[in-house]
Structure formats: C-alpha cells, structure tokens
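Keeping their order, the protein sequence lines are chains A and B.
The first sequence begins at 129 in my numbering and counts up one residue at a time.
The second sequence begins at 56 in my numbering and counts up one residue at a time.
Working notes for the structure below.
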Amino acid sequence: MYRGSYRPYVSPLDPCPPMRVKKFVLPPPIFMDFQPPDLEQVSPREALMIGTLWPLLADEFYREEGIS
Amino acid sequence: MNLSAFEEEREMMLRVQEADFVVVELTLYTNTHPDEPEALEQWREAIKKAAQIRRQYENRYGPLSLLSIPSEEAIEMGWRWNQAPWPWQR
Numbered sequence: 129m130y131r132g133s134y135r136p137y138v139s140p141l142d143p144c145p146p147m148r149v150k151k152f153v154l155p156p157p158i159f160m161d162f163q164p165p166d167l168e169q170v171s172p173r174e175a176l177m178i179g180t181l182w183p184l185l186a187d188e189f190y191r192e193e194g195i196s
Numbered sequence: 056m057n058l059s060a061f062e063e064e065r066e067m068m069l070r071v072q073e074a075d076f077v078v079v080e081l082t083l084y085t086n087t088h089p090d091e092p093e094a095l096e097q098w099r100e101a102i103k104k105a106a107q108i109r110r111q112y113e114n115r116y117g118p119l120s121l122l123s124i125p126s127e128e129a130i131e132m133g134w135r136w137n138q139a140p141w142p143w144q145r
C-alpha cells in the first residue's frame, strides 16, 4: 500500500485557494493482477470497518489522513 | 451486557449492514472466481445468514424495504411509513 504526494502547478489565475500538496494512495489491489484463491479473511464486523473481507487487499487509508 | 433499546437497535442494524457487506464482497469475488466450490458455498451461506439477520431485525423493528413482509405487530400497530420517526431518526 503506497502513499504518495505531488505538488500541482499553482497559477495566479486559479479561481480557488490553491492546494499546494496533493496526497494519494495506491491500494494493494492495483499491484495484483488476479486475486489468489483462499486468502485469509476477517470477521464481518472487521470487514465492514476496513472495507474488504481480505486484509491483504485493505489499504488502511483513513479519512483522518485526508487524502484528496 | 445491558444495552439501551436504542443501542440494541443500532447493534442489530450494524449486524444487518455487516452481513449485507459480506454478501456483496463474496458476490464480487465469485464473479471473478466462478469455479471455486468453497467460495460459492461461502457465498450461498452468506446470503442465507444475511436474510436471517434481516428477518430478525424486521420482526422487531419493522420492514426495511418495500419487499419485506410487515409482521402482524406492525400491522396491528397501524404501520404508517410516512410518519415520524423516520428510519434514520430512530
């Protein structure tokens, strides 16, 4: 699960206040071409919280991190 | 553990959501892995479990969707869906 950030070009003509640094995350499924069978699974409650049934695919990105 | 009526209802709603989430995840998984017997079996079990939890919830707190049959108490209570409290306010 890869985190990255980049600095977009800021122009004086931009209508809104500029976002100097934009952050992004590359979740594990991007790097997998095909999900292998019989991956380890988590409990339904946990799955609802992390957003997937298989922790290997979870990317632990949280709202607090404010990734835009 | 003694939960207030509100917390109990929240807890059951959370279980309904969790069971539905598992069904969605396994449906997507079986779309890409159609010939895996264990996955298909787990998918069928998840659907049954979700329906069962949903029935439990509906027996106590009223129908969750248009397609669910209201229980006798709901009908005796004169279930009028267009009155407060709305489902998200309860």
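Where is the CB? At the ideal position from N, CA and C, for every residue including glycine.
Residue i versus residue j - alpha carbon distance
i, j, result
"ILE130(B)", "PRO118(B)", "11 Å"
"GLU91(B)", "GLY132(A)", "36 Å"
"CYS144(A)", "PRO140(B)", "41 Å"
"MET68(B)", "LEU83(B)", "23 Å"
"VAL170(A)", "PRO164(A)", "16 Å"
"SER196(A)", "VAL138(A)", "Any answer about SER196(A) is weak, because its pLDDT of 46 lies below 50 and its placement is not dependable; what the coordinates show is given next. Approximately 16 Å, taken between the alpha carbons."
"GLY179(A)", "ALA186(A)", "7 Å"
"ILE158(A)", "ILE102(B)", "28 Å"
"TRP182(A)", "ARG109(B)", "24 Å"
"ASP161(A)", "THR87(B)", "12 Å"
Three-state class that DSSP yields for residue i in the structure shown
i, result
"ASN137(B)", "coil"
"ARG131(A)", "strand"
"LEU167(A)", "coil"
"PHE61(B)", "helix"
Nearest neighbour of residue i, chosen from the options [CA to CA]
i, options, result
"GLN111(B)", "ARG135(B), SER59(B), GLU80(B) and GLU63(B)", "GLU63(B)"
"LEU121(B)", "GLU128(B), GLU127(B), GLN107(B) and TRP136(B)", "TRP136(B)"
"ARG70(B)", "GLU168(A), ARG148(A) and ALA175(A)", "ALA175(A)"
"ARG173(A)", "GLU96(B), GLU93(B) and ASP75(B)", "ASP75(B)"
Contacts that residue i makes with chain A (C-beta to C-beta distance below 7 Å)
i, result
"ALA74(B)", "PRO172"
"GLU91(B)", "PRO165"
Chain-ordered neighbours of residue i on chain A, where CB pairs are closer than 9 Å
i, result
"THR87(B)", "PHE162 and GLN163"
"VAL71(B)", "Correct list: empty, because the minimum Cβ distance to chain A is about 11 Å."
Cross-chain neighbours of residue i in chain B, by beta carbon under 9 Å
i, result
"LEU181(A)", "PHE76, VAL77, GLU80, LEU81 and TYR84"
"ALA175(A)", "GLU73, PHE76, VAL77 and GLU80"
Entirely enclosed alpha helix (DSSP H) segments - the stretch 63-127 of chain B, minimum 4 residues: Complete alpha helix (DSSP H) runs here, min 4: 92-116.
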